[in-house]
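Every letter in the sequence shown is one number past the one before it in the working numbering, and letter 377, counting from 1, is 487. Where a beta carbon is used, it is the ideal one built from N, C-alpha and C, also for glycine. Since we're looking at a predicted model, the values are computed, not measured.
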Amino acid sequence: MCGIVGYTGPQSAFTPIVEGLRRLEYRGYDSAGIALGTSNSLFVEKRAGKLANLEAALPANLPTVHSGIGHTRWATHGGPTDRNAHPHLDNEGKLAVIHNGIIENYAELKAVLQKRGHTFTSETDTESVAHLLSDLRKEHQGDLSAAMRAAVAQLRGSFTLLAIHADNPSTIVGVRRNSPLVAGIGKGENFLASDVAAFIEYTKRAVELGQDEVITITPETIEITDVHGAKVPVREYEITWDKEAAQKGGFAHFMLKEIFDQPKAIADTLIGRLSDNNQIQLDELHMTDAEIKRIKRISVIACGTAYHAGMVAKYAIEKWAKIPVDVEIASEYRYRDPIVDQDSLVVAISQSGETMDLLMAVRHAKAAGARVLAVCNTNSSTIPRESDAVLYTHAGPEIAVASTKAFVTQIVAVYLIGLKLAQVRGELSDAEVKNLYHEALKLPGQVEQILETVEPLRALTRTFKSNNTVLFLGRGIQYPIALEGALKLKELAYIHAEGFAGGELKHGPIALIEEGTAVIAILPPHDEHALDEKMLSNIQEVKARGARVIVIAAEGVEVIGAEHVIRIPIAAPLFQPVLATVPLQVFAYEIAVARGTDVDQPRNLAKSVTVE
Ligand code: F6R
């Protein structure tokens with residue numbers, strides 16, 4: 111959840127480190143710190159709060175040095191204070207460590223290290239690593255890489271660690287276990303970071319790192335070794351997006367930019383997926399037709415917003431491919447006895463590819479013999495690497511903590527999976543698949559159309575800014591979208607929001623309705639007349655009890671009883687959720703702006719949730 115940057119090269123290290131941290135601040139933002147390697151000592155500064163607090167605390171005459179490490183934190187052990195901010199130092203103040211993840215055996219290590227005379231100054235789990243590394247470095251004649259390998263053997267938990275020592279400041283050593291770390295290869299300079307966004311400005315050459323591999327960078331060299339010290343080949347890949355993609359591009363917030371990125375993101379995810387003879391092309395599945403025909407059940411696992419995409423997957427795959435699908439919150443999955451075996455396909459959906467709850471669920475499914483297909487937005491991240499196959503969404507970097515464009519592309523990706531399975535299993539004819547694919551290709555233009563007509567919604571939304579409760583109603587395939595609308599509003603505007611299946615209202619939640627309660631009702635796809643009528647009755651029920659009702663409905667569908675109707679274009683029924691999502695994102699964004707909350711970095715959250 112924390113952001114990590116390391117730099118060594120000819121530049122004044124402060125700039126790439128702080129700029130890198132700014133790009134990673136979405137990962138955690140309750141404190142920040144740097145350690146710069148001056149000759150024979152370290153310059154260290156750290157501050158609670160956002161990166162701006164750290165920058166304000168730095169002296170005007172900051173030393174010009176050419177290597178260092180920097181960190182933005184999402185607190186786990188110890189509150190967000192100056193003292194608990196990273197880097198953490200050894201007793202001599204010559205070795206600095208930054209960390210993402212959790213060291214599970216930190217208390218045992220701390221007790222041993224204290225007996226050996228180490229003095230601890232923070233409440234963090236990380237500080238024990240600084241002291242441990244310090245002892246191990248001495249044991250290994252000043253070799254920080256060897257010390258890191260020895261430390262890893264003693265650590266339990268998940269971690270990315272970077273360390274620097276004042277005696278050899280141009281060398282930075284890192285390691286990862288169940289937590290992200292990538293290297294960037296520059297010209298006479300090298301980088302380490304939690305995410306390529308940190309160094310995209312300087313290089314597009316990235317290097318991935320395996321579990322427990324130790325990486326040592328100097329300005330001219332990159333060396334990777336396994337825990338035993340054996341050299342591991344450097345696995346280089348090219349970053350396919352550029353720095354503009356990770357900038358706001360004139361929008362007030364990343365989230366707004368990402369909402370407007372959606373037409374392109376959807377188009378990029380869909381492009382080139384139908385062959386000339388009308389076959390869905392998903393070679394990434396790495397499954398033969400015989401294997402696809404053998405699938406008996408599908409389990410979709412994911413967290414948060416990605417879980418809502420998984421719920422949409424259930425409707426689409428069951429409808430088209432006629433395979434039973436269950437959808438489960440990843441953090442619950444391995445703690446019961448899920449029915450999963452060689453005939454199961456497990457679909458793991460994740461924007462970041464690093465979510466720890468999901469990674470653990472993936473491992474559980476694999477151990478039970480299932481084939482795991484990741485649907486992911488982040489190249490070379492851990493979950494795709496540990497899965498049997500990966501279908502990448504092409505949303506581009508998503509910087510705002512609240513997920514928008516990643517969500518709609520996840521839905522589009524699961525549509526493609528559903529169509530592929532249905533076609534191979536003979537549940538949909540080639541003509542039907544072709545027709546549905548061409549309907550899907552209309553989605554980017556339809557989202558564009560919604561975004562062009564969004565102004566009246568933005569104005570209306572502001573009139574709800576003082577509401578304490580907002581309820582979202584959906585039925586059928588729009589039910590997951592009601593849940594997603596509520597989640598977006600909660601996380602952005604800190605308003606109590608709940609999503610309900612319209613039919614459930616009378617079984618309890620209707621008690622929440624009072625004069626002025628805002629209810630946003632999403633009508634089922636235009637051709638689901640039976641459900642439509644039921645939903646219109648639900649609207650009447652809440653209206654009769656004083657609710658202010660906004661309805662999202664396809665063009666031409668008759669709506670009675672709403673204060674305002676937001677029209678979305680008519681799409682194929684199962685594709686309507688993509689369109690209904692967009693006004694709900696705008697609604698949450700606009701209320702958040704009106705309430706003055708931090709839209710891109712809402713309180714208590716982090717973009718990449720690498721703890722369980
Ligand atoms: C909400 C949000 C989170 C994530 C969830 C899973 O806007 O972004 O609910 O969807 O933490 O993250 P990924 O998709 O990275 O596994």
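(request) For ALA263, collect the residues of the same chain with a Cβ closer than 7 Å to its Cβ; drop the 5 residues on either side in sequence, then sort them by chain order. (result) VAL337
(request) Have a look at ALA628 and GLY613 and give me their C-alpha separation to the nearest angstrom. (result) 18 Å
(message) Below 7 Å, is the gap between the Cβ of LEU152 and the nearest heavy atom of the ligand F6R?
(response) no
(request) Could you tell me if ILE214 is buried or exposed, where buried requires 16 or more neighbouring beta carbons within 10 angstroms of its beta carbon? (result) Strictly speaking, residue 214 in this sequence is Glu, with Ile absent from that position. Classification of GLU214: exposed, given that the 10 Å Cβ count is below 16.
(request) Along the beta strand (DSSP E) that carries SER454, what are the first and last residues, could you check? (result) 454-460
(message) Quick check: the segment 322-340 against the segment 300-311, are at least 3 beta-carbon pairs closer than 8 Å?
(response) yes
(message) Does PHE517 come out as helix, strand or coil in the three-state DSSP assignment?
(response) Note: PHE517 maps to helix in three-state DSSP.
(message) According to DSSP, is HIS241 part of a helix, a strand, or is it coil?
(response) Shown here, HIS241 sits in a helix according to DSSP, grouped into three states.
(message) Let's test the definition: count the other Cβ atoms within 10 Å of the Cβ of ASP393 and tell me whether it reaches 16, buried, or not, exposed.
(response) exposed
(request) Kindly list the residues whose CB is nearer than 7 Å to the CB of ALA704, restricted to its own chain and excluding five residues on each side of it in sequence; keep chain order. (result) ARG572 and LYS575
(request) Compare the Cα-Cα distances from ARG193 to each of ASN163, LEU272, SER141 and ARG226 and report the closest residue. (result) SER141
(message) Please report the straight-line C-alpha distance between GLY618 and ALA611, rounded to a whole angstrom.
(response) 12 Å
(request) Give the straight-line distance between the Cα atoms of ASP467 and VAL306, rounded to the nearest whole angstrom. (result) 23 Å
(message) Using 8 Å as the threshold, is the C-beta distance between ALA375 and LYS515 below it?
(response) Yes, the Cβ-Cβ distance between ALA375 and LYS515 is below 8 Å.
(message) Looking only at its chain, what residues have a beta carbon closer than 7 Å to the beta carbon of ASP371, apart from the 5 residues adjacent to it on each side?
(response) Within the same chain, ASP371 has close Cβ partners GLY506 and LYS515.
(request) Tell whether a beta-carbon distance below 8 Å holds between ILE587 and VAL422. (result) yes
(request) Take ILE660 and list the residues in its own chain whose beta-carbon comes closer than 6 Å to its own, dropping the five residues that flank it on each side. (result) ILE630 and HIS674
(message) I want to check one thing, is the minimum distance from the CB of ALA512 to the heavy atoms of the ligand F6R below 7 Å?
(response) True, at least one ligand heavy atom lies under 7 Å from that Cβ.
(request) State the Cα-Cα distance for the pair ILE786 and ILE369, rounded to the nearest angstrom. (result) Lying before the first or after the last residue shown, residue 786 is absent from the chain, which here runs from 111 to 722.
(message) Using a 10 Å radius around the Cβ and a threshold of 16 neighbouring Cβ atoms, would you call GLU198 buried or exposed?
(response) Sequence inspection shows His at residue 198; the Glu mentioned does not correspond to that position. HIS198 is buried by the Cβ-count criterion.
(request) Hey, could you find the ends of the beta strand (DSSP E) VAL543 is sitting in? (result) Element bounds for VAL543: not the beta strand (DSSP E) but the alpha helix (DSSP H), 540-551.
(message) Please identify the residue among ILE676, ALA603, PRO279 and ILE144 whose C-alpha is closest to the C-alpha of THR118.
(response) PRO279
(request) Determine the burial state of GLN62: buried for a count of at least 16 other Cβ atoms within 10 Å of its Cβ, exposed for fewer. (result) Outside the displayed span of the chain (111 to 722) sits residue 62, for which this structure offers no information.
(message) Please report the straight-line C-alpha distance between ILE127 and ASP245, rounded to a whole angstrom.
(response) C-alpha separation (whole angstroms): 27 Å.
(request) Grab me the residues of LEU380's own chain with a C-beta within less than 7 Å of its C-beta, minus the 5 sequence neighbours each way, in chain order. (result) VAL522, ALA550 and LEU551
(message) Would you say the beta carbon of GLU601 is closer than 7 Å to some non-hydrogen atom of the ligand F6R?
(response) yes
(request) For VAL115, name the three-state secondary structure that DSSP assigns. (result) If DSSP states are grouped into helix, strand and coil, VAL115 belongs with the strands.
(request) For GLU346, collect the residues of the same chain with a Cβ closer than 8 Å to its Cβ; drop the 5 residues on either side in sequence, then sort them by chain order. (result) ILE295, ARG315, ALA316 and VAL317
(request) Look at the alpha carbon of THR720 and the alpha carbon of GLY211, and state the distance between them as a whole number of angstroms. (result) 6 Å
(request) Alpha carbon to alpha carbon, how far is SER460 from ARG137? Give it in angstroms, no decimals. (result) 15 Å
(message) What I want to know is whether the C-beta of SER462 ends up closer than 7 Å to one or more non-hydrogen atoms of the ligand F6R.
(response) yes
(message) Does PHE269 come out as helix, strand or coil in the three-state DSSP assignment?
(response) strand
(request) Quick one: give me the first and last residue of the beta strand (DSSP E) that LEU302 is part of. (result) 300-303
(message) Short of 7 Å in beta carbon distance, which residues of its chain neighbour GLU155, apart from the five on each side in sequence? Order them along the chain.
(response) GLY143, ILE144, LEU164, ALA167 and LEU168
(message) Using a 10 Å radius around the Cβ and a threshold of 16 neighbouring Cβ atoms, would you call GLN224 buried or exposed?
(response) Exposed is the call here.
(request) Compute the Euclidean distance between the alpha carbons of ARG404 and SER491, then round it to the nearest angstrom. (result) C-alpha separation (whole angstroms): 29 Å.
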